[in-house]
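Student: Okay, here's the structure, questions in a sec.
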Amino acid sequence: MLQVNLSNILPFVSADYQAALTAPLQTAHDQLQNATGAGSDFTGWVHLPRDYDRDEFARIKAAAKKIQSDSDALVVIGIGGSYLGARGVIECLCSANYNLKKKSTPNIYFTGNGLSSDQLSEVVELLEGRDFSINVISKSGTTTEPAVAFRFFRQLLEDKYGKEEAAKRIYATTDRARGALKTLADENGYETFVVPDDVGGRYSVLTAVGLLPIAVAGVDIDAMMSGAEAMMEQCAVAELAANPAWQYAAARYDLYNGGKKIEILAAYDPNFRFMCEWWKQLYGESEGKELKGLFPASVEFTADLHSMGQYIQQGERTLIETVVRMGASATKNVVPFDEVNGDGLNFLAGKDMDFINTQAMNGTLLAHVEGGVPNIIINMEKCDAYGLGELVYFFEYACGISGYLLNVNPFDQPGVEAYKKNMFALLGKPGYEALREELLAKLNG
Ligand code: PA5
């Protein structure tokens with residue numbers, strides 16, 4: 023079971039902060055469990071690992087099998103909460119180099135997560151001569167980036183297979199009943215999967231949003247849901263000593279109140295990079311409002327110890343560091359002996375890479391704490407599908423609790439509309455004429 027180690031924050035937290043936070047934690051917990059807090063319409067994820075739709079789950083597995091059997095590649099179109107979780111899990115469990123590996127499962131290309139023309143062309147090029155399918159994921163169905171990308175890839179698919187066969191290769195994950203994508207899917211006979219009404223994008227990785235691409239990559243999604251369910255039960259216990267999400271939320275809340283402004287999530291494995299991206303959206307969108315919230319950042323160790331390490335050790339003391347320790351590696355690599363020993367590293371000969379990485383972790387921990395950066399350690403028992411299911415639910419639950427402790431609605435994101443309004447106006451969307459004039463005047467000085 024995942025475990026939170028708080029011994030390296032002790033010099034930085036206020037005395038008895040846990041006791042002082044017990045009542046607010048209980049209130050936040052009750053609000054999540056009973057759907058009585060701000061944004062309670064979006065707490066469907068709280069009991070999802072127990073209550074998920076078994077029929078749809080079976081359809082996800084069947085669709086994944088079909089895609090594995092008829093496609094060399096799956097194009098996954100989505101952005102933000104409709105993208106990051108799937109990529110995080112796939113890279114973490116199957117490698118950031120998944121597409122380059124020898125394997126029996128299809129390549130997975132994530133697109134529609136930006137507006138880069140060259141990125142789009144690159145995916146088109148990579149698909150040349152390949153059988154492929156599309157999973158388009160958008161709760162609203164009208165988000166610009168994925169909707170634009172879907173136009174290109176749908177056309178490519180229809181040109182390759184004809185409209186009828188293409189329709190059998192398009193899987194739409196969207197609202198149960200409403201929206202542009204749902205309408206298009208129904209009109210064209212695409213198989214559809216549901217983003218539940220009561221689950222917002224950034225909390226949706228354990229729905230079809232994340233599960234279909236994850237299953238196509240060959241990950242055991244039954245094990246993932248079991249891990250998430252076990253963590254759901256753990257997080258339902260209203261007791262600080264037994265509830266890792268309470269422990270994490272209370273620690274970061276007290277550190278924030280003590281003047282810390284930035285939380286860096288770190289892991290010692292490059293495959294964790296997109297889990298960090300997923301976490302950043304989860305915490306950034308949930309807490310960053312009403313001029314509040316820790317700014318979520320991330321680093322990849324040990325690589326970033328050679329770049330960001332300087333700032334972490336000696337820059338402004340507004341940081342906290344949360345390190346995910348992922349457990350033992352799947353492989354064993356022992357450092358070879360070198361006769362010449364020009365690099366002076368023969369003292370490492372015969373030592374396993376995991377051992378060396380662990381000593382780097384321990385050395386860094388001591389240095390950063392000594393330098394004034396409190397460290398929260400999250401110990402995963404094992405980085406497999408079950409363990410990642412636990413981790414995903416743990417972060418989600420702690421995020422909901424954290425939002426309520428901060429007294430914000432952790433399930434809305436009103437701030438993301440500002441750029442969209444301006445972009446639509448500048449692109450000439452009907453209805454935005456006045457704003458367009460105003461913005462053009464500003465841009466032209
Ligand atoms: O967390 C969120 O709500 C957002 O990141 C959305 O998931 C993202 O904007 C994509 O929205 P949609 O799924 O409607 O295309």
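Per this note's numbering, the sequence shown starts with residue 23, numbered consecutively.
Beta carbons: idealized from backbone N, C-alpha and C, even for Gly.
Measuring straight from C-alpha to C-alpha, what distance separates Glu186 and Glu180?
Tutor: Near 8 Å, if we compare the C-alpha coordinates of Glu180 and Glu186.
Student: When you compare only the Cα positions, how much space is there between Leu277 and Gly331?
Tutor: Whole-angstrom Cα-Cα distance: 21 Å.
Student: Quick one: is Lys161 near chain B, going by C-beta distance under 8 Å?
Tutor: Here there is only one protein chain, and chain B is not present.
Student: Measuring from the CB of Gln336, is there a heavy atom of the ligand PA5 at a distance below 7 Å?
Tutor: No; taking the cut-off as 7 Å, the Cβ of Gln336 has no heavy atom of the ligand PA5 nearer than that.
Student: Going by DSSP, which residues form a beta bridge with Gln25?
Tutor: In DSSP, Gln25 forms a bridge with Asn401.
Student: Mind checking who Asn157 pairs with in its DSSP beta bridge?
Tutor: According to DSSP, which records beta bridges pairwise, Asn157 is partnered with Val98 and Tyr193.
Student: Using beta-carbon positions only, say whether Glu299 and Gly110 come within less than 8 Å of one another.
Tutor: For Glu299 and Gly110, yes; Cβs fall inside 8 Å.
Student: Looking at the structure shown, is Asn129 part of a helix, part of a strand, or coil, going by DSSP?
Tutor: Asn129: strand per DSSP, three-state reduction.
Student: Which of the three DSSP states, helix, strand or coil, is assigned to Leu287?
Tutor: Here Leu287 sits in strand by DSSP.
Student: Could you check whether Tyr120 and Ile112 sit closer than 8 Å to each other, using their CB atoms as the reference points?
Tutor: Closer than 8 Å, so yes.
Student: Is Met165 close to the ligand PA5? I mean its beta-carbon at under 7 Å from any heavy atom of the ligand.
Tutor: In the sequence on display, residue 165 carries Thr and not Met. Checking every heavy atom of the ligand PA5 against the Cβ of Thr165, one is found closer than 7 Å.
Student: Please classify Ser320: does DSSP put it in a helix, a strand, or coil?
Tutor: Residue state, collapsed to three classes: strand.
Student: Alpha carbon to alpha carbon, how far is Phe154 from Ala194?
Tutor: Those two C-alpha atoms are separated by around 15 Å.
Student: Just list the residues that DSSP pairs Ile342 with in beta bridges.
Tutor: Answer by DSSP bridge pairing, in chain order: Glu285.
Student: So Leu233 and Val414 are supposed to be a Cβ contact under 8 Å. How far apart are they, rounded?
Tutor: No, Leu233 and Val414 are not in contact; Cβ-Cβ is about 11 Å, not under 8 Å.
Student: When the Cα of Gly337 is compared with those of Asp360, Gly394 and Leu370, which residue comes out closest?
Tutor: Residue Gly394 is the option with its Cα nearest to Gly337.
Student: Taking only three categories from DSSP, how would you classify Phe215?
Tutor: It is a strand residue.
Student: With a threshold of 16 other CB atoms inside 10 Å of the CB of Gln269, please say whether the residue is buried or exposed.
Tutor: Answer is buried; the Cβ neighbour count reaches 16.
Student: Who are the near neighbours of Asn466 in its chain, counting only those whose CB is closer than 7 Å to its CB and skipping five residues on each side?
Tutor: Contacts found: none.
Student: Looking at Phe416 and Ala171, is the spacing between their C-beta atoms short of 8 Å?
Tutor: Cβ distance not < 8 Å, so Ala171 and Phe416 don't count as in contact.
Student: Identify the continuous alpha helix (DSSP H) that holds Tyr275 and give its terminal residues.
Tutor: Start and end: Pro266 to Asn279.
Student: Check the DSSP bridge columns for Arg347 and list the partner residues they point to.
Tutor: Arg347 is bridged to Asn401.
Student: Given a cut-off of 8 Å, decide if Phe175 and Ile99 are closer than it, judged by their beta-carbon atoms.
Tutor: A contact, by the Cβ cut-off of 8 Å.
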